[in-house]
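S.K.: FYI, in this note's numbering the residues of the sequence shown are 214 to 1366. Where a beta carbon is used, it is the ideal one built from N, C-alpha and C, also for glycine.
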Amino acid sequence: MRGVGSLQLVLILALTSTATGLNIPLEVEQPPTIITHTVGPIIALPFDNTITIRCEARGNPPPEYRWTKDGKYFIPPHETDHTDGTLVLPIKHLEQYRGKYRCYTSNKLGTAMTEEIELRVPSVPKFPKEYNFPIVVKEGEPITLECNPPEGVAPRQIYWMTLGLEHIEQDERVSMGIDGNLYFSNALQKDSRQDYCCFAAFSKIRTIAQKTAMAVVVKSLKRGNESADSDNATPAVRIPGLLLPSGVQTEKVLLKGEHLQLECIPQGYPTPKISWMKMGDRLPPRTKYDNFGKLLSLSDVDERDAGKYLCKAKNSAGEAVHYFDVIVEEPPKWLTEPPLSQLTVIGSDVYIKCSVSGKPQPEITWRRNGEFFRDDPENNRRVLDDTVVLHNARPEDSAVYQCEAFNSHGSVLANINIMVINMAPRILTRDNQEYAVVLGGDVIMNCSVFSSPPSNISWSNDGKAIEGEQFLALSGYLQIIGAEKNDSGEYVCVASNTEGKSAVTAYLDVKDPTKIVIPPQDVQIISGTTAQLMCQAEYDKSLRGAFEVVWRKDGEEIPLSFEENSRYFVDDDMLQIMNVNQSDQGKYTCIARTSLDKDNATALLTVLDIPDAPKNVKISELKSLRNVHLSWIPGSDHNSSVTEFIVEYEENQWEPGRWKELQKVPGNQAAAELSLRGHLNYQFRVYAVNAVGPGPPSEPTERYKTPPAAPERNPENIKIQGHLPHQMDISWEPLLPIEHNGPGLEYKVSYRKLGVEDDWREHLVKRHSFVVRNTSTFVPYEIKIQSRNSHGWGPDPKVVTGYSGEDVPTAEPRDVAVEVINTTVLRVSWTPAPPATVRGHLGGYDVHWSRKRSLLNPNKILDERQTLSFPGKRTHAIVPGLKPFSEYRLTVNVFNKKGNGPNSDPVTFNTPEGVPAQLPILTASNAQKDSILLVWGPPLETNGIVTGYLLQYHLINETTLEVVDSQEKNITEADTTQWQVQGLEEGRLYRFHLSACTRAGCGPALAQESSTVAQARAAGQRSDFSTQGWFIGTMCAVALLTLVTLMACFVRRNKGGKYAVKEKEDLHPDVESQGMNDDTFCEYSDSEEKPLKSSSLCSLNDALGDSISRDSLVDYADGGREFSEDGSFIGEYSGHKHGGSVSEASGPRPVTA
């Protein structure tokens, strides 16, 4: 335990024999104490259903109630339980219940009573029926019209009006007094009328009473012989007097805090002026003057406002005065507080003092249990004016004493409970009470004790006296400040006095505090999306059942619901707000709480949304009618700055209802200068854009019409085409309708031949195309197009150049020559056709070649045709995809857009032998201890005359798979398909590579692995292996494979199929094809008549053989020439020449090396 010494905690219950507050627990028997009751007066309203008078008390035993009315026992109209102090009176015949009520509440220990509660039952306010004789006065005489308004429920307001409900005009001469009467200081002719009516309005009961109308007749004065109707007759001057109040002096008595009103209403002619003063003092600054100075008002008066006041009425004839003697009194009130109940021991003296003030001085009466209490010196009971003394008090002196002080203005009453008992301590707190507090928190452990005399209270913890500054002992409890873990344990409270002692036990558990470890973070979220706020807390696990997380927005708790339409959802310590909108913006507070403590954290949620529509979009003209200034007031940007404003327009002539963008304006501007087109009826609107997106548009402006004008631009995108050889088609992009700028739009088309002296020929058209007929073939022209309308011409047009119609070329390329690069690639060159014979834009050149025969089978005539197109101006090309050891025939033609020119003279050439293709199959079988039989099928493509086979075999380490030893064997028998490999090591793994060879070299090898057998296995084999099943199976497989191969060759050689460019390109991408551009595209087809439209790139693959490397092929290219679209070379080859040239001839010629 913490501490700086031993602290014996002694709690003294504040229940002494002196006059102190007494709060006796209800578990102890005690007399009644009234805790609430109705305070009078009660005013019954006509629309109330019942009148309820309340009286509630506490006591033990529970008290019973009774009522008196006007000092007599009152029996309620409805039978009630005496344990209920509420008195309910029916509204019917309520007049009989008018009076003063008092509530008495009693049990066996005494009786308490309330002050008198007055019930007022006002009658329905109305004026008496009466006949009012006309009031007849002379001009200048005063008039008093009496109202005598009826009493009623306050507030009451009085009005003077005519029967037509027009207010009587009031001023310094005519005014209404606070008594409701209407006073005329002097009468004038205009005051004569028959319908002066007084109205009394009672707003609380919604009633207005009207007095019978009164008539006033003012007689005019006569002077000499003047008629009564003379306008010059004026009243005689009259000395001032006072219509109200009467006499010389008035005594005014009012209560402290009330509102003082002093009124002086004068009479006389001219109308007197009223002035006020206070005798011997100045009027207070808060003094107010109303009713044209006739009414002096002072609010919240006190003793300082008492004294003599004077009002003076003065005119030119004299003056009159009146004195007011103001007396300020007050009803009884307690000087400090009502006398308090007392608990005392037997034999002590009890003093009850009733200290009150008031003016006049209040009288004091004493009661005991509701009965008057007299001075009784013989029984040691003294009543000494405002004090009651009980000498040597006995238990029978226990009672409820009433002190009531009253004067002419009211009364006050106090019930004082006096309890004279000796009692051992009674601990009212439940035994074995359990308390919990979080670490560092404060906790209070109760030990409520009732006893007489007061008890000494001590506390101990786990059998040891309490020690430490953190323990604070107050009346009835022990407080621990800043609890620590070691404060947990058992606490005992012991209460003792002279009558005995008692004890209770309490248990304290100090728990871990609740703490938010991952608080929510400030977040910006786009409207319509889902916001997520994390709030993760740690807490004492023993409080799991009481732990909860509550979310508040701007201080208001968020209702979390699991209904489908709820937008708030909490899952895994996260608050999710679905479909966020602007109303969700604010401060969100996460409160993690248990039954003992709580922690909170706050985050700001900012909702980003599209900007609001701009407002007040206005148009103002600038220097011309087609240049206007548009301004607007931006709307809210919803927390995301506006990046730009978009000005849109709509015109109702060409595209009504369609809005188009006109101009963009930076987001920090709210105005734009607009250049408009002519002859359009515009309206404009603006919308804002921020990072979230575009906002809604503003309301459109009023229509703004621009005057017509000449066109501002000419047609664009002029196209000159020759669809027929002897005409030129001119077309252009027409002006948009809104660009017409006025009616009558048309175009002037001008053209002339280029490069010769020729005049411009002009035509006016309304459409956007024109055809020039009877032109020469493919002749250059200059063309210009200008727009115009009924208000003028557009700007000077630009001149463009074009050609008349094309025709097919008439001449063929000459001097065609070929150069064989390798077994599959050819370079072809030519002399271009003369430009004049092309008769159009040069499209390029077509190279056609056909395979006539294979030199392996020269007697079989073939006709495998292929074509490549080479766009653009060129004199040579690379032709790939040839087959080795074959005879070819080749021609070239030029082409343009209209078609192909004639073919050149054919050139015949042969391709050299190539290496064979890979073997289709290789099997290893009949393994012995020192030999293995290899069986294979011949290559499907020999590409020449097969001279034999190359066999390579390697000894393999079966553990590491590394090559241990290698050997090579040339098999010169070209027609053999099997070989017995001898001299192998016993029980070892071998890898065999076999390739076919021609005079050009050996082709790619096919690999197979097999192992020789060990000694034990070899001894059991038969010598006649030709009878073994494996040998028969192998031979069948070889025969089947050979048949399939022959069928495939037959089909392939008879169909004249396409050159598989794409396949070879995928397998063997070439360096040359990496830099393809549009100028080197070509077309490739099986015949001259059907060009092949392929998307694949021309490629040179490994079929070039070993004689030419990739680097050497690049060396052939001129200026970066590349492959065409279908896999052919495009470009001019020069430099290294690996073969002889073949010149153009009428028949086949051999290629020389």
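Use the C-beta contact count for Pro498: other C-beta atoms within 10 angstroms, 16 or more gives buried, fewer gives exposed.
M.R.: The residue you call residue 498 lines up with position 285 of the sequence shown. Exposed.
S.K.: Which residue wins for smallest C-alpha separation from Ser1144, given the options Leu1207, Pro1152, Glu1186 and Ala1227?
M.R.: Along the sequence shown, one-based indexing puts residue 1144 at 931. The residue with the shortest Cα to Cα distance from Ser1144 is Ala1227.
S.K.: Helix, strand or coil for Asp518 per DSSP?
M.R.: Numbered from 1 along the sequence shown, position 305 holds the residue referred to as residue 518. Helix, per DSSP.
S.K.: Just tell me which of Ala1218, Asn1156, Ser1223 and Pro1133 has its CA closest to the CA of Ile1169.
M.R.: Reading the sequence shown from its first residue, position 956 is the one you call residue 1169. Among Ala1218, Asn1156, Ser1223 and Pro1133, the Cα nearest to that of Ile1169 belongs to Ser1223.
S.K.: Given a cut-off of 8 Å on the beta-carbon distance, is the pair Met632 and Ser661 in contact?
M.R.: One-based indexing of the sequence shown puts residue 632 at position 419. One-based indexing of the sequence shown puts residue 661 at position 448. Not closer than 8 Å, so no.
S.K.: So the alpha helix (DSSP H) Pro1048 belongs to, where does it begin and stop?
M.R.: Here residue 1048 corresponds to residue number 835 of the sequence shown, with the count starting at 1. Here the alpha helix (DSSP H) through Pro1048 covers Pro1048 to Val1051.
S.K.: Using a 10 Å radius around the Cβ and a threshold of 16 neighbouring Cβ atoms, would you call Glu473 buried or exposed?
M.R.: Mapped onto the sequence shown, residue 473 falls at position 260. One point to set straight first is that residue 473 is Leu, not Glu, in the sequence displayed. Buried, because 16 or more other Cβ atoms sit within 10 Å of the Cβ of Leu473.
S.K.: Just to confirm, are Leu1207 and Leu1132 a CB contact at a threshold of 8 Å?
M.R.: Numbered from 1 along the sequence shown, position 994 holds the residue referred to as residue 1207. Numbered from 1 along the sequence shown, position 919 holds the residue referred to as residue 1132. A contact, by the Cβ cut-off of 8 Å.
S.K.: Going straight from the alpha carbon of Asn528 to that of Gly454, what length do you get?
M.R.: What you label residue 528 is simply residue 315 of the sequence shown in a count that begins at 1. What you label residue 454 is simply residue 241 of the sequence shown in a count that begins at 1. One C-alpha to the other measures close to 10 Å.
S.K.: Short of 6 Å in beta carbon distance, which residues of its chain neighbour Pro1363, apart from the five on each side in sequence? Order them along the chain.
M.R.: Here residue 1363 refers to the residue found at position 1150 when the sequence shown is read from its first residue. With a pLDDT of 34 at Pro1363, under the threshold of 50, the modelled position of this residue cannot be trusted; read the value that follows with caution. Once the five neighbours on either side are set aside, Pro1363 has no close Cβ partner at all.
S.K.: At the level of alpha carbons, what is the spacing between Pro608 and Tyr317?
M.R.: As a working mapping, residue 608 is identified with position 395 in the sequence shown. As a working mapping, residue 317 is identified with position 104 in the sequence shown. Rounded to the nearest angstrom, the two C-alpha atoms are 23 Å apart.
S.K.: Classify Ala1252 as helix, strand or coil using the three-state DSSP reduction.
M.R.: On the sequence shown, position 1039 is the one that residue 1252 refers to. The answer is helix: DSSP assigns Ala1252 an H, G or I state.
S.K.: First and last residue of the beta strand (DSSP E) that includes Cys567?
M.R.: Against the sequence shown, residue 567 aligns to sequence position 354. Segment: none, Cys567 is in no beta strand (DSSP E) and carries neither H nor E.
S.K.: I need the DSSP call for Asn504, collapsed to helix, strand or coil.
M.R.: If you number the sequence shown from 1, residue 504 lands on position 291. Asn504: coil per DSSP, three-state reduction.
S.K.: Contact between the region 278 to 289 and the region 246 to 253: three or more CB pairs below 8 Å?
M.R.: No: the two stretches stay apart, fewer than three of their Cβ pairs being nearer than 8 Å.
S.K.: Less than 8 Å between the CB atoms is what I'm expecting for Tyr1016 and Val985, so what's the real figure, rounded?
M.R.: For this step, residue 1016 is matched to residue 803 along the sequence shown. For this step, residue 985 is matched to residue 772 along the sequence shown. No, Tyr1016 and Val985 are not in contact; Cβ-Cβ is about 11 Å, not under 8 Å.
S.K.: Could you pull out every residue in the same chain whose Cβ sits closer than 8 Å to the Cβ of Ser888, ignoring the five residues on either side in sequence?
M.R.: Translated into the one-based positions of the sequence shown, residue 888 becomes position 675. Closer than 8 Å at the Cβ level, and outside the excluded window around Ser888, lie Arg839 and Asn840.
S.K.: Assuming Val335 and Val366 make a contact with CB atoms under 8 Å, what is their CB distance in whole Å?
M.R.: The residue given as residue 335 occupies position 122 in the sequence shown. The residue given as residue 366 occupies position 153 in the sequence shown. According to the sequence as given, residue 335 is Pro; it is not Val. Indeed they touch by this definition, with Cβ atoms about 5 Å apart.
S.K.: Would the region 411 to 427 and the region 360 to 375 be scored as touching if the rule is three or more Cβ pairs under 8 Å?
M.R.: Contact holds: three or more Cβ-Cβ distances are below 8 Å.
S.K.: Kindly indicate which residue of Leu893, Pro545 and Ala618 has the alpha-carbon position closest to the one of Pro956.
M.R.: Position 743 of the sequence shown, counted from the first residue, corresponds to residue 956. Residue Leu893 is the option with its Cα nearest to Pro956.
S.K.: So if DSSP puts Asn813 in a beta bridge, which residue, or which two residues, is it bridged to?
M.R.: Start at 1 with the first residue of the sequence shown, and residue 813 comes out as number 600. Answer by DSSP bridge pairing, in chain order: Ile804.
S.K.: Helix or strand or just coil, what does DSSP make of Pro824?
M.R.: Here residue 824 refers to the residue found at position 611 of the sequence shown. Coil.
S.K.: If you reduce the DSSP assignment to three classes, tell me which class Ser1179 lands in.
M.R.: Reading the sequence shown from its first residue, position 966 is the one you call residue 1179. Residue state, collapsed to three classes: strand.
S.K.: Can you tell me whether DSSP reads Gly1085 as helix, strand or coil?
M.R.: Against the sequence shown, residue 1085 aligns to sequence position 872. If DSSP states are grouped into helix, strand and coil, Gly1085 belongs with coil.
S.K.: Do the region 822 to 835 and the region 893 to 913 meet, that is, are 3 or more Cβ pairs less than 8 Å apart?
M.R.: Flag = yes, the region 822 to 835 and the region 893 to 913 touch.
S.K.: If Val651 and Lys724 are in contact, beta carbons under 8 Å, what's the gap, nearest whole angstrom?
M.R.: If you number the sequence shown from 1, residue 651 lands on position 438. If you number the sequence shown from 1, residue 724 lands on position 511. Correct: roughly 5 Å between the Cβ atoms.
S.K.: Would you identify the three-state DSSP class for Glu682, choosing helix, strand or coil?
M.R.: Taking the sequence shown and counting its residues from 1, the one referred to as residue 682 is at position 469. Of the three classes helix, strand and coil, the one that applies to Glu682 here is coil, per DSSP.
S.K.: If you drop the 5 nearest sequence neighbours on each side, which residues of the same chain put their C-beta closer than 7 Å to that of Ile256?
M.R.: Indexing the sequence shown from 1 puts residue 256 at position 43. Excluding positions up to five away in sequence, the list reads Arg333, Pro335 and Val366.
S.K.: Straight-line CA distance for Lys1111 to Arg1001?
M.R.: For the purposes of this step, residue 1111 is taken as residue 898 along the sequence shown, with counting starting at 1. For the purposes of this step, residue 1001 is taken as residue 788 along the sequence shown, with counting starting at 1. Using only the alpha carbons, I get a separation of about 36 Å.
S.K.: Reducing DSSP to helix, strand and coil, say where Ser1320 ends up.
M.R.: Residue mapping note: residue 1320 aligns to position 1107 of the sequence shown, counting from 1. Annotation note: pLDDT 35 at Ser1320 (below 50); position unreliable, no value reported.
S.K.: Below 8 Å on the Cβ atoms is my guess for Glu543 versus Gly520; work out the distance and round it to an integer in Å.
M.R.: Numbered from 1 along the sequence shown, position 330 holds the residue referred to as residue 543. Numbered from 1 along the sequence shown, position 307 holds the residue referred to as residue 520. Not quite, the Cβ-Cβ distance comes to about 17 Å (not below 8 Å), so this is no contact.
S.K.: What's the gap between the Cα of Asn262 and the Cα of Ile304?
M.R.: Here the question's residue 262 lines up with position 49 in the sequence shown. Here the question's residue 304 lines up with position 91 in the sequence shown. Computed Cα separation, rounded: 6 Å.
S.K.: Determine the direct distance from the alpha carbon of Lys491 to that of Cys477, and round the result to whole angstroms.
M.R.: Numbered from 1 along the sequence shown, position 264 holds the residue referred to as residue 477. Numbered from 1 along the sequence shown, position 278 holds the residue referred to as residue 491. Between Cys477 and Lys491, the C-alpha separation is close to 14 Å.
S.K.: Please classify Asn176: does DSSP put it in a helix, a strand, or coil?
M.R.: Residue 176 cannot be examined here, being either before or after the span of the chain that is shown, 214 to 1366.
S.K.: Can you say whether Gln243 is buried or exposed, counting buried as having 16 or more other CB atoms within 10 angstroms of its CB?
M.R.: Taking the first residue of the sequence shown as position 1, residue 243 is located at position 30. By the neighbour-count rule (16 or more Cβ atoms within 10 Å), Gln243 is buried.
S.K.: Using 8 Å as the threshold, is the C-beta distance between Gln462 and Tyr344 below it?
M.R.: The count along the sequence shown starts at 1 and reaches residue 462 at position 249. The count along the sequence shown starts at 1 and reaches residue 344 at position 131. Against a cut-off of 8 Å, the Cβ pair of Tyr344 and Gln462 comes out as no contact.
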